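Read through the structure below, which is laid out as structure tokens, and then see the notes.
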Amino acid sequence: MIYRFFQWLKNHRMANVALVICYSLFLLFAHDAFVNLSVGVMNSLSLPVFQRVVLTGMIVFILLFLSIVFWLARKVRLEVLSAGYFVASLLLLVVHFFVLTEMNVEFIHALMYGGLAVLMYPLIGRKGGSVILCLPVMVVDEWYQLVVLFPHYTNFFEFNDILLDLFGAGLFVSMFGMFGVFQKQEHTSLAKRVEFWFLACSVACITLLMATCVIVPYAVDACSNTWFVLNKLPEMSEFWFTHPVIGSVFHILKPVEGLGAIYLVCLAYLGMDSMSFKK
Numbered sequence: 014m015i016y017r018f019f020q021w022l023k024n025h026r027m028a029n030v031a032l033v034i035c036y037s038l039f040l041l042f043a044h045d046a047f048v049n050l051s052v053g054v055m056n057s058l059s060l061p062v063f064q065r066v067v068l069t070g071m072i073v074f075i076l077l078f079l080s081i082v083f084w085l086a087r088k089v090r091l092e093v094l095s096a097g098y099f100v101a102s103l104l105l106l107v108v109h110f111f112v113l114t115e116m117n118v119e120f121i122h123a124l125m126y127g128g129l130a131v132l133m134y135p136l137i138g139r140k141g142g143s144v145i146l147c148l149p150v151m152v153v154d155e156w157y158q159l160v161v162l163f164p165h166y167t168n169f170f171e172f173n174d175i176l177l178d179l180f181g182a183g184l185f186v187s188m189f190g191m192f193g194v195f196q197k198q199e200h201t202s203l204a205k206r207v208e209f210w211f212l213a214c215s216v217a218c219i220t221l222l223m224a225t226c227v228i229v230p231y232a233v234d235a236c237s238n239t240w241f242v243l244n245k246l247p248e249m250s251e252f253w254f255t256h257p258v259i260g261s262v263f264h265i266l267k268p269v270e271g272l273g274a275i276y277l278v279c280l281a282y283l284g285m286d287s288m289s290f291k292k
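Take the position in the sequence shown, starting the count at 1, then add 13; the result is the number in our numbering.
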């Protein structure tokens, strides 16, 4: 059934495009409602109880998810490359949880952008490409939160969240690829991949915008023509940051650090398509 659904999307590209656009808009504009709901529940339970409830829910979901994956793995011949990416993405999500996560509830990002990447696949026809081409929505989502939704609460561009989004997208796409749900495609050279040129052009644009002071890492770097400050907090020498309201301890990726990590992860996901050939 799932395979037929993706085949239908592949054969009805306009419907696929409409579905991707609608889902992307949902990710952008449902965020405020979700945050208000989370805050309401948190206030009624208290922060420590809310964190424990969310953590318990996460553990139950992960155990159920892995149980289904292992059960299917015993019945299906796995695609080795996708299986490797699945394990790597899962491990990176665990590392993110202990190092870069501000609140437990943020892990819903991984699920939401996993869904977007899966819907993107029939349009792109490449697993790594479908992960990478979700990046514009991820960036706009974080910009929208910082500038429009929570300008008085959020003080820095959430590179941490974008990495979480990428790992979630990679986890879901590699899982579907691992079980052979996605039809294998003819190998395409890097020069012919739209995701490769998107990454190359975005690096050039970011470099130009930062060199001309249109985008700056910190407020102290701002010029008269500065449009966007990536981090309103002073540059920190300490590795760990303690949230002043909720008391969580995590690492905030610095602007250059965050950009570098994102592009390295995207380049790694490009490798998902390096061994894909037609059946």
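Beta carbons are placed, not taken as given, at the ideal position from N, Cα and C, and that holds for glycine. Computed from a prediction, not measured in an experiment: that's the story for all the values here.
Strand pairing of Asn-244, partner residues [DSSP] | Phe-169, Tyr-231
Of the residues Val-48, Trp-84, Val-131, Val-278, the one placed nearest Glu-119, counting alpha carbons only | Val-48
Whole angstroms is fine: what's the gap from Leu-146's alpha carbon to Ser-237's?
-> 33 Å
Enumerate in chain order the residues of its own chain whose CB-to-CB distance from Lys-23 is below 6 Å, with the five nearest sequence positions on each side excluded.
-> Pro-135
Please confirm if the segment 136-144 is in contact with the segment 63-75, defined as three or more CB-CB distances below 8 Å between the two stretches.
-> no
Over the uninterrupted alpha helix (DSSP H) stretch that includes Thr-201, give me the two end residues.
-> Looking at the DSSP string, Thr-201 is not in any alpha helix (DSSP H), and its letter there is neither H nor E.
Would you be able to state if there are at least three C-beta pairs under 8 Å between the segment 188-196 and the segment 88-108?
-> yes
Neighbourhood of Val-30 by C-beta distance below 8 Å, restricted to the same chain and skipping five residues each side = Leu-136
If we count the other Cβ atoms within 10 Å of its Cβ and call it buried at 16 or more, is Ala-130 buried or exposed?
-> buried
How is Val-262 classed by DSSP in three states: helix, strand or coil?
-> strand
Just the Cα atoms here: how many angstroms apart are Pro-61 and Leu-113?
-> 19 Å
Alpha helix (DSSP H) segments (min. 4 residues) lying fully within the segment 121-158 = 121-137, 140-145, 148-157
Can Gly-295 and Asn-173 be called in contact, C-beta distance under 9 Å?
-> Limits of the chain in this structure are 14 at one end and 292 at the other, which puts residue 295 out of reach.
Provide the residue span of the alpha helix (DSSP H) that contains Leu-84, from first to last.
-> The sequence given here places Trp at residue 84; Leu does not occur at that position. 60-86 is the span of the alpha helix (DSSP H), which, as asked, contains Trp-84.
Looking at the structure shown, is Thr-220 part of a helix, part of a strand, or coil, going by DSSP?
-> helix
Can you check whether the CB of Phe-211 is closer than 9 Å to the CB of Leu-148?
-> yes
Hey, Ile-265 and Val-242: beta-carbon distance below 9 Å or not?
-> no
To the nearest angstrom, report how far apart Tyr-157 and Val-233 are at their CA atoms.
-> 22 Å
Count the other CB atoms within 10 Å of the CB of Tyr-166; is the residue buried (16 or more) or exposed (fewer)?
-> exposed
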